[in-house]
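Heads up, the thing below is written out as structure tokens.
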Amino acid sequence: MSRTRLSLWLQPDSENHRGVAQFTEASPRLRDEIIVHALSVLLCIFFLTHFATAASIPAPSLLKAAAEARAKGYIFETSHDEIVAKAKTEGRLRVLSGLDQQANSAIRDAFKKRYPFIEVHVEEIPVEAGQRLLLEMRTGKPGNWDVNHLAIDLYPEYLPYQKKFDILGMAREGVLNIPAQMVDPANRNVVALGSDIQVIAYNTKLLPAALIPEQWTDFLRPELKGRKFVADIRTTAIASFVPAWGLEKTLEFARNLAAQKPVWARGYTRVAAGLVAGEHKLFFGPTYGSVRRAQAKDPSGSLGIKVLEPVPTRIGDAHAVQEKAGNPYAALLWLEFQAGPEGQKILDDAIPYGASVYASATVQAQLTAGKKLSLVDWSHFTKMQEYMGKTFEAYGFPKAER
């Protein structure tokens, strides 16, 4: 039926008849066409209205997660758009970061491109400043920071001063684009943005191929006894075996390693440089990133690296939104950005190789794929100081006499 005919039939007043009369006198076929057309229009309007409304209603699982979180005293936002809108109202952000300034600057610049309406100020917190920051938090004067770093040795003491966002719940429900494994499951509001893996390094020109360890226990072979390799007196690497081996086996290994009488040193970067210079042949347990940085400065190409199983892997760079944050929603976006693909790529490039093993595209995730890990995850994170203390005792260093 043409638009002209239809308009004549529906026109209330015409030269001869009113619309109702026209409709009444219409042929049954024509009348049916008009009814079908009208019903189609009404159905389209109904479905468009229904689905538009349904799209704006959070899923039942999301509403349930939000209700459970709020019942436990957590803040739970059900919409990412709402978080962005609140951050836009705040308009600024102050971050006290555990990362170095090169990484912070790169992340800040990328973050501002994503959220140009947020003014960002980022500072690196020195290692020795962690205690001072905690004291400021306790006195209620935390320096107007929105995001802060949680030092591992003071981690439990920081927790009461962090805002109770249910970051874990929002990550699981897709409100925040953060891998859920990055978030502390016990406290739900702290994110570990990076990780480290421990490897072995060696001078390819000085160490015979037959002496390159294939497994960690190869360091206990007789031919490697007597200053044949370097071990760091800081026991981070060996303490990271506890998740895979248990504490007792790890302590036994530490005692046997010390009995090999290695060259004791301190500092991954310095020892790696010594390998390049030919001062040493083999290094037990440096971080992957430290060796890769040394390789980049090695014109001879003599520095080798190898990943042994179980791969000692540690989460790190714990950050959270501070309890007294003036810009908490901008802070949430900052944490999400760093945990997301773009932020993790920057951490891999800027640190380098320091992004999280939990982010699938990172160097560490790809390097350890399919390998057995000794993973210092959240269940071991706060116990690392204990593990390191006990493994250091197992080394049996002489104690100073009074």
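Sequential numbering of the sequence shown, starting at 1118, is according to the numbering used here.
Every residue gets a Cβ at the ideal spot worked out from N, C-alpha and C, and that includes glycine.
Inset, instruction - Could you tell me the boundaries of the alpha helix (DSSP H) in which Val1212 lies? - result: As a first step, residue 1212 must be located in the sequence shown, where it is residue number 95. Run containing Val1212: none in the alpha helix (DSSP H); it sits in the beta strand (DSSP E), 1209 to 1214.
Legend entry - Within 8 Å, strictly: CB atoms of Ala1309 and Ala1394: The residue labelled residue 1309 in the question sits at position 192 within the sequence shown. The residue labelled residue 1394 in the question sits at position 277 within the sequence shown. No, they are not a contact pair.
Inset, instruction - Just mark Asn1373 as buried or exposed, buried being the case when its beta carbon has 16 or more other beta carbons within 10 Å. - result: On the sequence shown, residue 1373 is found 256 positions in, with the first residue counted as 1. By the neighbour-count rule (16 or more Cβ atoms within 10 Å), Asn1373 is not buried but exposed.
Legend entry - Option in Leu1425, Ile1463, Met1505 with minimal Cα separation from Gly1487: On the sequence shown, position 370 is the one that residue 1487 refers to. Nearest option by C-alpha distance: Leu1425.
Inset, instruction - Please say whether Tyr1512 and Ala1356 have beta carbons closer to each other than 8 Å? - result: Stepping through the sequence shown from its first residue, residue 1356 is reached at position 239. Stepping through the sequence shown from its first residue, residue 1512 is reached at position 395. The answer is no: Cβ separation not under 8 Å.
Legend entry - Cβ distance (whole Å) where Ala1220 is taken to contact Ala1467 below 8 Å: If you number the sequence shown from 1, residue 1220 lands on position 103. If you number the sequence shown from 1, residue 1467 lands on position 350. The pair is a contact, with the Cβ atoms about 4 Å apart (cut-off 8 Å).
Legend entry - Whether Pro1177 touches Thr1195 by CB criterion (8 Å): For the purposes of this step, residue 1177 is taken as residue 60 along the sequence shown, with counting starting at 1. For the purposes of this step, residue 1195 is taken as residue 78 along the sequence shown, with counting starting at 1. Taking 8 Å as the Cβ cut-off, Pro1177 and Thr1195 do not qualify as a contacting pair.
Inset, instruction - Please state if the CB of Leu1420 and the CB of Val1097 are separated by a distance shorter than 8 Å. - result: Summary: the structure shown does not reach residue 1097, with the chain confined to residues 1118 through 1519, and so no result is reported for it.
Inset, instruction - Identify whether Lys1414 lies in helix, strand or coil by the three-state DSSP scheme. - result: Stepping through the sequence shown from its first residue, residue 1414 is reached at position 297. If DSSP states are grouped into helix, strand and coil, Lys1414 belongs with coil.
Legend entry - The beta strand (DSSP E) enclosing Arg1431, as first and last residue numbers: Against the sequence shown, residue 1431 aligns to sequence position 314. Arg1431 -> beta strand (DSSP E) spans 1428 to 1438.
Legend entry - Length of the line joining the Cα atoms of Gly1199 and Ala1447: For the purposes of this step, residue 1199 is identified with residue 82 of the sequence shown, where counting begins at 1. For the purposes of this step, residue 1447 is identified with residue 330 of the sequence shown, where counting begins at 1. Before going further, note that residue 1199 is Glu rather than Gly in the sequence given. Between Glu1199 and Ala1447, the C-alpha separation is close to 11 Å.
Inset, instruction - Can you tell me which of the three DSSP states Gly1286 falls into? - result: Within the sequence shown, the letter at position 169 stands for residue 1286. Correct three-state label for Gly1286: helix.
Inset, instruction - Classify Glu1587 as helix, strand or coil using the three-state DSSP reduction. - result: Past the boundaries of the shown model lies residue 1587; the chain is included only from 1118 to 1519, so the question cannot be answered.
Inset, instruction - For Gly1406, I'd like the list of residues in its chain whose CB is within less than 8 Å of its CB, leaving aside the five on either flank, ordered along the chain. - result: If you number the sequence shown from 1, residue 1406 lands on position 289. If we look at Gly1406 and ignore the five residues flanking it on each side, its Cβ neighbours are Asp1313, Ile1468, Pro1469, Tyr1470, Gly1471.
Inset, instruction - Answer with buried or exposed for Val1244, where buried requires no fewer than 16 other C-beta atoms within 10 angstroms of its C-beta. - result: Here the question's residue 1244 lines up with position 127 in the sequence shown. With fewer than 16 Cβ atoms within 10 Å of its Cβ, Val1244 is classed as exposed.
Legend entry - Reduced DSSP secondary structure (H/G/I, E/B, other) of Lys1203: Working through the sequence shown from its first residue, we reach residue 1203 at position 86. Correct three-state label for Lys1203: helix.
Legend entry - Thr1352, buried or exposed, once every other Cβ within 10 Å from all chains shown has been counted against 16: Within the sequence shown, residue 1352 is the residue found at index 235, counting from 1. Result: buried.
Legend entry - Residues bridged to Ile1174 (per DSSP): Numbered from 1 along the sequence shown, position 57 holds the residue referred to as residue 1174. According to DSSP, Ile1174 bridges with nothing at all.
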